[in-house]
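With positions in the sequence shown counted from 1, the corresponding number in our numbering is that position plus 78.
Working notes, structure below.
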Amino acid sequence: MSTRPRVSARISAISESATLAVDAKAKAMKAAGRPVIGFGAGEPDFPTPDYIVEAAVEAARNPRFHKYTPASGLPELKQAIADKTRRDSGYAADASRVLVTNGGKQAVYQAFATLLDPGDEVLVVAPYWTTYPEAIKLAGGVQVDVVTDETTGYLASVEQLEAARTDRTKVLLFVSPSNPTGAVHSREQTEAIGRWAAGHGLWVVTDEIYEHLTYGGAEFTSIATAVPELGDRVVILNGVAKTYAMTGWRVGWLIGPSDVVKAATNLQSHATSNVSNVAQMAALAAVSGDLSAVARMREAFDRRRQTMVRMLNEIPGVFCPEPKGAFYAYPTIKELIGKELRGRRPQTSAELAELILEEAEVAVVPGEAFGTPGYFRLSYALGDDDLVEGVSRLGKLLAEAR
Ligand SMILES: Cc1ncc(COP(=O)(O)O)c(C=O)c1O
């Protein structure tokens with residue numbers, strides 16, 4: 079009998095997506111008839127706009143789209159993405175520098191797989207989205223956390239980044255607006271960080287998937303545009319999921335220098351080939367249309383954001399800085415750890431989240447999933463009534479903590 083492990087060490091080291099796990103548990107409890115309110119989901123609760131769905135229906139009827147198409151994406155979609163990027167962030171890139179991927183997630187994976195050699199270090203601001211560490215690790219890279227907290231609104235300073243830099247640092251990952259914190263860097267902060275990165279010859283991978291979801295006067299700044307000194311050492315990640323309520327369609331993209339895009343396309347040509355043509359044609363309708371659908375969603379998200387933050391800050395032991403973008407609130411609940419609640423004494427935010435799910439039938443994602451225990455992530459991409467009911471239940475339960 080072989081003593082070799084059945085699953086490779088590389089793949090066994092990947093952990094389950096904690097956000098999807100919380101969502102799955104909440105959905106299972108719901109299916110069993112329990113009135114669970116889920117704050118776990120990272121997706122808009124709106125359907126994809128009709129004109130986008132119609133474009134897909136039309137594409138499905140066209141025999142051209144029943145066949146393989148170029149691995150890097152349909153030429154008309156790549157052009158539309160280049161045009162949209164120029165329109166929305168002022169960044170000029172030729173269509174040949176666009177690679178269309180199966181969702182933003184594949185863009186994340188391929189960006190790190192293409193840039194990193196074993197031992198190369200990546201600066202990642204914590205709290206961070208759960209997928210980045212796995213993508214970095216799979217590429218052989220070493221993640222170096224730059225930990226932020228509620229006192230700075232989860233924004234990292236140049237000094238903190240500099241303290242984490244070594245001669246092995248190759249990439250800075252920049253995510254603004256951020257998942258999970260909703261933090262948005264101002265133009266000045268973005269420029270300062272970009273200039274620092276450029277000054278040290280670092281690559282910047284910028285995840286711009288929440289570019290259109292900012293609130294209360296905060297504005298998205300693309301580091302790629304704001305800091306031309308970065309030159310050809312910048313890779314932009316983006317997708318249609320959050321802007322057009324298209325999480326299930328699986329279309330994202332990567333924009334980078336020609337050599338990186340060429341190499342990433344080679345990888346994709348062996349891994350997945352072209353993204354579903356029907357989904358690409360839906361994405362084409364999305365990115366070449368106007369932004370009225372996202373403007374309507376933004377209005378609803380903004381209202382819910384304000385309600386959620388106000389209600390969270392009324393709960394003793396909870397503090398939530400105002401998120402300025404995306405659709406998540408990231409309160410600290412550190413004061414509640416170790417307190418007695420319904421006969422138990424949770425020692426971690428993961429244990430407290432578990433107790434909340436059982437006792438209040440409310441699903442939140444614990445901060446452990448984002449590299450910072452002691453916090454919860456709550457998505458406000460759910461209906462207003464459910465939001466109020468869910469945070470009220472949370473407040474009532476947590477008020478019992480002694
Ligand atoms: C910061 C961030 N980047 C990228 C993605 C990828 O989205 P998708 O793969 O659905 O396009 C997500 C989704 O949650 C995200 O939060």
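For every residue, glycine included, the Cβ atom is placed at its ideal position computed from N, Cα and C.
Problem - Contact set for Glu413: own chain, Cβ-Cβ below 7 Å, skip 5 residues either direction - result: Counting from 1 along the sequence shown, the entry for residue 413 is found at position 335. Closer than 7 Å at the Cβ level, and outside the excluded window around Glu413, lie Gly395.
Handout entry: Cα-Cα separation between Gly231 and Thr97, rounded to whole angstroms
Key = Taking the sequence shown and counting its residues from 1, one reaches residue 231 at position 153. Taking the sequence shown and counting its residues from 1, one reaches residue 97 at position 19. Whole-angstrom Cα-Cα distance: 22 Å.
Handout entry: C-alpha gap between Arg388 and Arg374, whole angstroms
Key = Here residue 388 refers to the residue found at position 310 when the sequence shown is read from its first residue. Here residue 374 refers to the residue found at position 296 when the sequence shown is read from its first residue. Roughly 22 Å between the two C-alpha positions.
Handout entry: Gln358 (DSSP reduced to helix, strand or coil)
Key = The residue given as residue 358 occupies position 280 in the sequence shown. Of the three classes helix, strand and coil, the one that applies to Gln358 here is helix, per DSSP.
Exercise for the section: Out of Ala302, Ser370 and Ala459, state which residue places its alpha-carbon closest to the alpha-carbon of Ala171. Expected result: Stepping through the sequence shown from its first residue, residue 171 is reached at position 93. Closest by C-alpha distance to Ala171, out of Ala302, Ser370 and Ala459, is Ala302.
Exercise for the section: Kindly list the residues whose CB is nearer than 6 Å to the CB of Asn180, restricted to its own chain and excluding five residues on each side of it in sequence; keep chain order. Expected result: The residue given as residue 180 occupies position 102 in the sequence shown. The residues are Arg328, Thr350 and Val353.
Exercise for the section: Please confirm if the stretch 266 to 280 is in contact with the stretch 233 to 242, defined as three or more CB-CB distances below 8 Å between the two stretches. Expected result: yes
Handout entry: Sequence-distant residues of its chain with Cβ nearer than 6 Å to Pro258 (five each side left out)
Key = Within the sequence shown, numbered from 1, the residue matching residue 258 stands at position 180. Answer for Pro258: Pro205, Tyr406, Tyr408, Phe448 and Arg455, listed in chain order.
Exercise for the section: Alpha carbon to alpha carbon, how far is Glu136 from Ser235? Give it in angstroms, no decimals. Expected result: As a position in the sequence shown, residue 235 is number 157, starting the count at 1. As a position in the sequence shown, residue 136 is number 58, starting the count at 1. If you take the alpha carbons of Ser235 and Glu136, they lie about 49 Å apart.
Practice task
Tell me whether Asn140 sits in a helix, a strand or coil according to DSSP, three-state version.
Solution key: If you number the sequence shown from 1, residue 140 lands on position 62. Here Asn140 sits in coil by DSSP.
Problem - Pro148 at chain D interface by Cβ criterion, 8 Å - result: You won't find chain D in this structure, because it holds only one protein chain.
Handout entry: Inter-residue CB distance, Val313 and Gly334 (contact presumed, cutoff 8 Å)
Key = In the sequence shown, counting from the first residue as 1, residue 313 sits at position 235. In the sequence shown, counting from the first residue as 1, residue 334 sits at position 256. Contact flag correct, Cβ pair sits at about 4 Å.
Practice task
Return helix, strand or coil for Val313, following the three-state DSSP convention.
Solution key: The sequence position of residue 313 within the sequence shown is 235, counting from 1. DSSP places Val313 in strand when its eight states are reduced to three.
Practice task
Pair every Cβ in the stretch 136 to 151 with every Cβ in the stretch 284 to 299, then say whether three or more of these pairs are closer than 8 Å.
Solution key: no
Practice task
In the DSSP assignment, find the unbroken alpha helix (DSSP H) run with Thr426 in it and report its ends.
Solution key: Sequence index remark: in the sequence shown, residue 426 carries index 348 (1-based). From DSSP, Thr426 is part of no alpha helix (DSSP H); its letter is neither H nor E.
Handout entry: Any non-hydrogen atom of ligand 1 closer than 7 Å to Lys402 Cβ
Key = Start at 1 with the first residue of the sequence shown, and residue 402 comes out as number 324. For ligand 1, not one heavy atom lies less than 7 Å from the Cβ of Lys402.
Problem - Residues near Glu212 by beta carbon distance below 6 Å, same chain, minus five either side - result: Your numbering for residue 212 matches position 134 in the sequence shown. Ile92.
Practice task
Go ahead and pull the three-state DSSP assignment for Pro148.
Solution key: As a working mapping, residue 148 is identified with position 70 in the sequence shown. In the structure shown, Pro148 falls within a coil segment according to DSSP collapsed to helix, strand and coil.
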